[in-house]
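To keep things clear, I will list the structure first and then write my remarks on it.
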Amino acid sequence: MELKITSKAWEELQGLPLEYYPYLFLWYDTEGCGCGVNGIPTICLTKQLPSNYKRVLNMQIPTYIQEQQEIFFAEQLILDYNQGLFRLNSPEEILNPFIPRQQLISLIE
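Position 94, counted from 1, in the sequence shown is what this note's numbering calls 94; the numbers after and before it change by one each time, with no gaps.
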């Protein structure tokens with residue numbers, strides 16, 4: 001699995017407290033969605049990684065995903081930033097077009 005981060009997205013990520021939260025974590029958020037197969041692919045920053053993590057190829061920031069959630073993501077991913085929102089895409093589809101910067105901060109606090 002590979003995540004490419006655009007220059008716009010990387011610039012925005014660098015404005016977050018990466019010295020305290022050095023890992024980017026891809027996760028499938030099922031909170032309030034009913035069951036484990038209904039959810040939204042998203043990202044967050046974290047201090048620690050779960051025990052069942054897997055490294056995602058990325059040159060800018062150490063990026064990980066839980067192995068059992070990998071099926072909800074494409075093999076090739078792109079993280080972009082446009083009009084105040086992060087967007088997680090694959091070459092085939094938009095996985096999550098509305099990831100606000102505040103969500104990354106509120107998830108890590």
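Built from N, CA and C at the ideal position, the CB exists for glycine as well.
Check                                                                                                            : Outcome
3 or more residues per run - each beta strand (DSSP E) lying fully within the region 18-82                       : 23-29, 40-46, 53-56, 63-66 and 76-82
Nonlocal neighbours in the same chain, by C-beta distance under 6 Å from I61, ignoring five residues either side : L24
Delimiting residues of the beta strand (DSSP E) encompassing W2                                                  : Contrary to the premise, residue 2 reads as Glu rather than Trp in this sequence. Start and end: E2 to I5.
Environment of Y81 [buried if 16+ CB atoms lie within 10 Å]                                                      : buried
Collapsed DSSP secondary structure at L16 in the structure displayed                                             : coil
Reference F98, options Y28, T42, Y21 and Q68, closest by Cα                                                      : T42
Residue burial classification, L95 (beta-carbon count within 10 angstroms, cutoff 16)                            : buried
Rounded straight-line distance, which links the Cα of Y28 to that of E67                                         : 11 Å
Enclosing beta strand (DSSP E) for P91 [first to last residue]                                                   : Run containing P91: none; DSSP gives neither H nor E here.
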